[in-house]
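Count the sequence shown with full-length UniProt numbering and you get residues 1 to 385, in order. Don't be surprised by glycine CBs; every beta carbon is placed ideally from N, CA and C. What you are looking at is a predicted structure, and each value in this text was computed from that prediction instead of being measured. A short worksheet on the structure shown next.
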Amino acid sequence: MISGYVPQFGGRARKLTGTLEAHMNGFRYSTSRADERVDIMYGNIKHAFFQPAEKEMITLLHFHLHNHIMVGNKKTKDVQFYVEVMEMVQNIGGGKRSAYDPDEIEEEQRERDRKNKINMDFQHFVNRVNDLWGQPQFKGLDLEFDQPLRELGFHGVPYKASAFIVPTSSCLVELIETPFLVISLSDIEIVNLERVGLAQKNFDMAIVFKDFKRDVMRIDSIPSTSLDGIKEWLDTTDIKYYESRLNLNWRPILKTIMDDPQQFIEEGGWEFLNLEATDSDSENSAESDQGYEPSDVEPESDSEDEDSDSESLVESEDEEEDSEEDSEEEKGKTWEELEREASNADREKGNESDSEDERRRRKMKASGKARAGPSSAASKRMKFR
């Protein structure tokens, strides 16, 4: 028997102090009012959780049920009993105390002692109930208090606000903020990790249940730093998971599966979620096929290039031979020959620069000499006679 609060009576703002008792067939939570009590049968308990206060302000017992029960005027499958381990009140007007203030140190020690005592009282109660559930008549219920594994926890948004979500040996839970989150691992078909990419700061988790009529449970805005830890946890629980770069619209997908489950199985089941991976593989293979060419076959463009290269090589060799011959000729000429060539060149340039009158004058002189030649010769012969 332990004393604590049940928050569901009239809402979380109204806490009713009471006592939780473990009987042979179930729990009874009693308050000062006879009309406000809660009975939970062992056979209706699907999961039982014990979460001691560590960084939280409360120590709690939480029961997730097979069937709904009425708690006050509310129908629920989740019933929680808790105790506050410290007063959640701050002294606003008292000013800031020194870290070495004796009163402050004493108050912190009292809070630690209170937290440890409450955690220990709950632990003793849980141990006694586990011993009771271990008896032969309860073996078929397979009941045992489960404890969240904080080291595997991660932050995410299951509903509207961010919360710290923690795995247990059989569930994925968030038991501090309402509405509570309790997902049985045995109910999960697959998990799809969405918006996964190198440039993304966070990603989403879509949980698909074996009952396709249930809506897909989404946990959004999980930090990317938690990705590797979540993958490792999913591997240890043997839950199949996939990754995608985009969010999927799951309602039409599940409707298609339910309309023709045989076709869904024949087409590979959930492997359609691997389409992005197969597309990238096919692109890589296509690129490798284009880049491959047999070693014994040469492309035409290469042979044409080689022909043009060989022609240019022949031409360059001929040019080199001509230039070598010219250079050898230039090396074989003497200084006098070079001087003569230079004077001839100057003479030709001078002839070209002469005017037409000078050329006509030289021409007339030459023709006059040609006419005077025979008469002079005749006179000479006449003198001999």
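Along the chain, where does the beta strand (DSSP E) containing residue i start, and where does it finish?
i      : result
Asp265 : The question names Asp, yet the displayed sequence has Ile at residue 265. Run containing Ile265: none in the beta strand (DSSP E); it sits in the alpha helix (DSSP H), 261–266.
Met205 : 202–209
Lys74  : 74–84
Ile69  : 58–71
Asp220 : 217–223
Asn192 : 188–194
Thr19  : 16–22
Gln147 : Where Gln147 is concerned, there is no enclosing beta strand (DSSP E), given that its DSSP letter is neither H nor E.
Phe50  : 45–51
Leu181 : 181–184
Arg37  : 37–41
Taking a contact to mean a Cβ-Cβ separation below 8 Å, would you say residue i touches residue j in this structure?
i           : j      : result
Asp204      : Ile219 : yes
Pro167      : Leu152 : yes
Glu66       : Asn44  : The sequence shown places His at residue 66, not Glu. Closer than 8 Å, so yes.
Asp163      : Glu174 : For the sequence presented, residue 163 should be read as Ala rather than Asp. Against a cut-off of 8 Å, the Cβ pair of Glu174 and Ala163 comes out as a contact.
Trp270      : Ile207 : no
residue 387 : Ser244 : In the structure as shown, the chain begins at 1 and stops at 385. Residue 387 is therefore absent and cannot be evaluated.
Leu60       : Phe81  : yes
His68       : Lys75  : yes
Ala53       : Asn127 : no
Phe122      : Phe50  : yes
Ser224      : Lys201 : yes
Using the Cα positions of residue i and residue j, report the straight-line distance between them to the nearest angstrom.
i           : j      : result
Lys240      : Phe209 : 12 Å
Thr17       : Ile58  : 14 Å
residue 387 : Asp260 : This structure cannot speak to residue 387, because the chain is shown only from 1 to 385.
Lys192      : Lys255 : Looking at the sequence shown, residue 192 is not Lys but Asn. Each residue's alpha carbon lies about 17 Å from the other.
Leu20       : Tyr29  : 4 Å
Gly229      : Phe154 : 9 Å
Pro179      : Ala199 : 32 Å
Asp238      : Phe125 : 32 Å
Asn249      : Lys46  : 30 Å
Leu150      : Glu106 : First, the amino acid is wrong: residue 150 is Arg here, not Leu. Taking the straight line from one Cα to the other gives about 29 Å.
Asp146      : Glu56  : 18 Å
Lys15       : Glu177 : 15 Å
Arg214      : Leu273 : 20 Å
Asn25       : Lys231 : 40 Å
Gln263      : Ala48  : 39 Å
Ala345      : Leu338 : 11 Å
Ile265      : Asn73  : 45 Å
Thr236      : Tyr242 : 15 Å
Arg37       : Thr31  : 6 Å
Which residue marks the beginning of the alpha helix (DSSP H) containing residue i, and which one marks its end?
i      : result
Arg114 : 102–133
Ala236 : The sequence as given places Thr at residue 236; Ala does not occur at that position. Per DSSP, Thr236 belongs to the alpha helix (DSSP H) from 227–236.
Is there a Cβ of chain D sitting closer than 8 Å to that of residue i, yes or no?
i      : result
His155 : Looking for chain D here will not work: only one protein chain is present.
**Asked** When the Cβ atoms of the segment 180–200 are set against those of the segment 125–143, are three or more pairs found closer than 8 Å?
**Response** Between the segment 180–200 and the segment 125–143, the count of C-beta pairs closer than 8 Å stays below three; the two stretches do not touch.
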